[in-house]
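Letter by letter, the sequence shown follows residues 43 to 688 of the working numbering.
These notes concern the structure reproduced below.
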Amino acid sequence: MKKLISSIIFLLCFFTTQGFAEILPLEYFAKPAQFTSIKLSPNGKYFAATVPKENTNALIVVERKSNKRLIAYGFGHNEYIGDFYWGNNERLVYTKSYKKQGYERKGYKGEIFAANIDGSKRTQLYGFSKSEGSSKRGEIASKRGERAWGYIVQMLTNDDKHILIRSSKWNTDRDAPDKLYKINIYNQKRTRIATTPLGNISVVTNSDGIPVIAKGKDRKGKTKRFTYKNGDWQEITKDSPLSGYSYKSLSNDGKLLYMSKAVKGETSGLYEYNFETKKVKLLFNHPVVDINAYVRSPDSRNIIAVETMMDGMKYHYLDKSPFALIHQQIAASFPQADISIRANSIHDEEMIVKIITDRNPGDFYLFNQKKKTLDYLLSAKPWIYPEQMQNRKLIHFDSRDGQKIHGYLTLPKPSDKPHPLIVDVHGGPYGPMDKWHYDSGAQMWANNGFAVLQINFRGSGGYGKRFKESTYLERSTTIQHDIIDGTRWALGLKNISDDKVCITGGSFGGYSALMSALMEPELYRCSIPMYGAYDLVYQMKHADYMDGSSVSIGAMEKYGDNEEHWRKESPLTYIDKLKTPLMIVTGGRDKRVPPQSALHLQEALDKRNISYEWLYKAKEGHGFVNTDNRVELYQKSLAFARKHIQ
43 MKKLISSIIF LLCFFTTQGF AEILPLEYFA KPAQFTSIKL SPNGKYFAAT VPKENTNALI
103 VVERKSNKRL IAYGFGHNEY IGDFYWGNNE RLVYTKSYKK QGYERKGYKG EIFAANIDGS
163 KRTQLYGFSK SEGSSKRGEI ASKRGERAWG YIVQMLTNDD KHILIRSSKW NTDRDAPDKL
223 YKINIYNQKR TRIATTPLGN ISVVTNSDGI PVIAKGKDRK GKTKRFTYKN GDWQEITKDS
283 PLSGYSYKSL SNDGKLLYMS KAVKGETSGL YEYNFETKKV KLLFNHPVVD INAYVRSPDS
343 RNIIAVETMM DGMKYHYLDK SPFALIHQQI AASFPQADIS IRANSIHDEE MIVKIITDRN
403 PGDFYLFNQK KKTLDYLLSA KPWIYPEQMQ NRKLIHFDSR DGQKIHGYLT LPKPSDKPHP
463 LIVDVHGGPY GPMDKWHYDS GAQMWANNGF AVLQINFRGS GGYGKRFKES TYLERSTTIQ
523 HDIIDGTRWA LGLKNISDDK VCITGGSFGG YSALMSALME PELYRCSIPM YGAYDLVYQM
583 KHADYMDGSS VSIGAMEKYG DNEEHWRKES PLTYIDKLKT PLMIVTGGRD KRVPPQSALH
643 LQEALDKRNI SYEWLYKAKE GHGFVNTDNR VELYQKSLAF ARKHIQ
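Shown next, in the form of structure tokens:
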């Protein structure tokens with residue numbers, strides 16, 4: 043096994059840890075994962091994985107028996123292999139992404155490729171043509187240049203020569219219908235399976251790639267549901283047993299449809315609809331948290347377990363099927379861990395297992411079903427040692443109006459002095475949430491002696507429909523109150539300093555880092571707002587989601603539809619109240635929150651002769667992705683926080 047893994051690792055150049063130093067290099071927290079996935083071929087004879095190279099990456103294939111690397115292929119400078127899949131035992135299917143000149147973040151143009159495991163017969167299956175610059179190094183370009191995004195929907199269970207893709211035209215109309223195609227992974231021939239009834243829609247297909255049911259929003263933002271029969275979409279009526287749900291997946295035999303909806307307006311429940319009996323059955327519901335993930339059997343595609351997240355991960359098994367028992371056995375060896383098992387069939391002798399915890403960004407193992415062994419393969423970030431990281435503790439407190447709020451507290455190593463506190467606010471606000479998983483930012487702060495509080499305020503996902511939707515139009519009030527109340531709760535803990543607190547966050551977290559500091563100028567000793575919207579009038583007219591589509595209608599339901607409300611919720615409106623030192627972080631290529639918002643804040647501060655620190659990266663977008671830029675961000679954030687609270 044060690045020789046096999048060396049065939050992959052020898053291609054890499056990564057930092058090795060220097061013992062177990064107390065303070066780790068910031069690059070350890072700034073670098074992206076070297077491995078995000080390793081996959082077994084259907085017959086179990088080959089490994090495939092992507093590995094990083096300078097300004098690109100490579101897809102490698104290793105024959106397990108001989109330990110021979112068959113191929114390591116990729117694209118050119120600043121071009122990357124994205125997702126990849128085993129089409130069958132001899133052929134891989136993969137996507138391509140780019141890093142445009144002047145941008146740090148990679149982009150996707152919709153191209154899909156296929157190649158044999160020895161690198162031969164490389165073919166562009168979908169995307170714009172070679173003459174337009176898509177293909178290099180001898181690939182056969184797509185016979186039909188498509189100015190459209192292609193998305194791989196699924197590998198087909200009963201057909202290893204075709205895949206199902208979804209095609210979305212290159213235009214600014216998010217609500218234009220898409221097309222579903224079945225494409226031959228050898229000769230590029232395609233068959234149109236269906237056209238979606240809406241553009242902003244999620245479609246569930248059967249094992250043959252035929253649509254069955256869909257849910258989406260029309261151009262007016264109204265939710266609609268459809269079934270697909272005999273080549274036509276039929277809208278689901280309100281009296282149908284299928285009405286009111288979100289659709290998750292279908293069993294391979296087509297008899298069971300898995301659905302979800304909020305139970306009594308609260309947390310999500312998993313439901314099963316039986317097409318033969320026409321009856322709906324509730325399978326699982328948690329009283330406090332939503333379902334975090336679903337576990338499916340590779341053969342039946344039945345959902346055999348659900349995952350919930352509080353103080354770690356917990357699995358709730360719905361049956362005693364063979365795959366459920368395998369999952370249960372592995373979960374017993376890794377209590378609280380997030381476990382994913384990649385298998386082509388329950389009958390596979392070997393399966394790939396990925397384990398993630400609050401202290402571990404990901405380890406890959408090979409599970410041998412026959413021998414009942416679990417052998418370590420690779421780590422997503424091999425320079426991270428879990429024993430050097432800190433636990434994330436589940437916390438909860440009551441807000442000023444009595445609502446129970448949850449979150450996570452990451453403490454540094456024990457000290458004879460109380461720890462200074464960093465309040466790290468997540469983005470969104472509606473839907474995203476802080477999770478128990480490994481968090482690079484929280485670990486960076488903790489490694490440098492700071493406690494880190496992350497609050498799942500009202501509006502966050504994960505705690506039910508009412509919890510998420512109750513603060514629509516209340517970004518500047520109820521949500522900020524939850525953050526402030528959580529800060530005060532943490533300052534009352536024995537091991538937290540009662541007057542040394544700094545607030546930070548990105549996106550909505552950046553907005554909150556400034557807004558909370560304006561609302562409670564005596565509470566926060568410093569603030570590091572990152573790529574946040576501070577001028578909401580400008581934001582709501584220029585953000586990438588404000589394009590007149592169903593997406594923008596949804597945004598206005600949450601954020602308001604008039605300048606009076608936007609101005610009321612804008613931090614810039616209250617900038618005269620600022621007493622807290624600021625370090626402002628923004629990127630010049632941010633389309634989600636255009637940098638003009640930060641520039642308007644800068645202008646307002648300059649006009650009032652208020653000093654501040656400024657970190658601007660012209661090529662970065664909504665969040666820094668370049669490792670050197672992330673290291674600089676960490677360096678300057680630490681220096682700023684130490685100056686004010688450590």
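All C-beta atoms, glycine included, are put in the ideal place defined by N, C-alpha and C.
On a predicted model such as this, the values are computed, not experimentally measured, just so you know.
Beta-carbon contacts of residue i that lie in its chain and below 8 angstroms, excluding the five residues immediately before and after
| i | result |
| --- | --- |
| residue 428 | 399, 401, 402 |
| residue 55 | Bear in mind that the predicted position of residue 55 carries a pLDDT of just 37, short of 50, making it unreliable; the figure below should be weighed with that in mind. Same-chain partners within the cutoff: there are none. |
| residue 237 | 219, 220, 221, 222 |
For residue i, the three-state DSSP class (helix, strand or coil)
| i | result |
| --- | --- |
| residue 253 | strand |
| residue 222 | strand |
| residue 680 | helix |
| residue 333 | coil |
| residue 180 | For residue 180, the pLDDT reaches just 40, beneath the cut-off of 50, and the residue's location in the model is therefore unreliable, although a value from the coordinates is still provided. Three-state result, residue 180: coil. |
| residue 128 | strand |
| residue 89 | strand |
| residue 499 | coil |
| residue 608 | helix |
| residue 117 | coil |
| residue 478 | coil |
| residue 51 | Low confidence applies here, because residue 51 scores a pLDDT of 44, under 50, leaving its location unreliable; read the following figure in that light. Looking at residue 51 - three-state DSSP - the assignment turns out to be helix. |
| residue 275 | strand |
| residue 600 | helix |
| residue 579 | helix |
| residue 96 | coil |
| residue 288 | strand |
| residue 686 | helix |
| residue 553 | helix |
| residue 543 | strand |
Residue i versus the options, residue with shortest Cα-Cα distance
| i | options | result |
| --- | --- | --- |
| residue 612 | 432, 583, 620, 557 | 557 |
| residue 423 | 410, 472, 406 | 406 |
| residue 397 | 381, 412, 269, 408 | 381 |
| residue 120 | 130, 108, 98, 131 | 98 |
| residue 123 | 104, 151, 631 | 151 |
| residue 453 | 489, 439, 477 | 489 |
| residue 64 | 117, 116, 491, 324 | 491 |
| residue 133 | 350, 359, 157, 126 | 157 |
| residue 478 | 639, 351, 166 | 351 |
| residue 301 | 434, 386, 288 | 288 |
| residue 482 | 394, 514, 667, 128 | 667 |
| residue 337 | 252, 317, 312 | 312 |
| residue 493 | 540, 509, 513, 501 | 540 |
Pairwise C-alpha distance: residue j and residue i
| i | j | result |
| --- | --- | --- |
| residue 517 | residue 601 | 8 angstroms |
| residue 486 | residue 664 | 20 angstroms |
| residue 444 | residue 451 | 21 angstroms |
| residue 78 | residue 593 | 30 angstroms |
| residue 106 | residue 87 | 6 angstroms |
| residue 176 | residue 562 | The predicted model places residue 176 with a pLDDT of 40, which falls under 50 and marks its position as unreliable; any figure quoted below should be read in that light. If you take the alpha carbons of residue 176 and residue 562, they lie about 53 angstroms apart. |
| residue 660 | residue 191 | 27 angstroms |
| residue 94 | residue 142 | 18 angstroms |
| residue 677 | residue 430 | 20 angstroms |
| residue 670 | residue 342 | 46 angstroms |
| residue 266 | residue 290 | 16 angstroms |
| residue 339 | residue 420 | 24 angstroms |
| residue 684 | residue 464 | 11 angstroms |
| residue 368 | residue 326 | 20 angstroms |
| residue 674 | residue 581 | 27 angstroms |
| residue 172 | residue 118 | Here residue 172 scores only 46 on pLDDT, less than 50, and its place in the model is too uncertain to base an answer on. |
| residue 679 | residue 552 | 13 angstroms |
| residue 526 | residue 591 | 35 angstroms |
| residue 710 | residue 70 | Residue 710 lies beyond the range of the chain shown here (43 to 688); nothing can be said about it. |
| residue 371 | residue 416 | 11 angstroms |
Sequence-distant residues of the same chain with beta carbon closer than 6 angstroms to residue i, five excluded per side
| i | result |
| --- | --- |
| residue 647 | 654 |
| residue 244 | 257 |
| residue 687 | 462, 542, 544, 567 |
| residue 448 | 438, 498 |
| residue 75 | 422, 423 |
| residue 630 | 637, 660 |
Spatial neighbours of residue i in its chain, beta-carbon cut-off 7 angstroms, leaving aside the 5 residues before and after
| i | result |
| --- | --- |
| residue 456 | none |
| residue 149 | 139, 140, 142 |
| residue 418 | 405, 407 |
Assumed close pair residue i, residue j - CB separation to whole angstroms, cut-off 8 angstroms
| i | j | result |
| --- | --- | --- |
| residue 476 | residue 216 | Not really, about 28 angstroms apart at Cβ, beyond 8 angstroms. |
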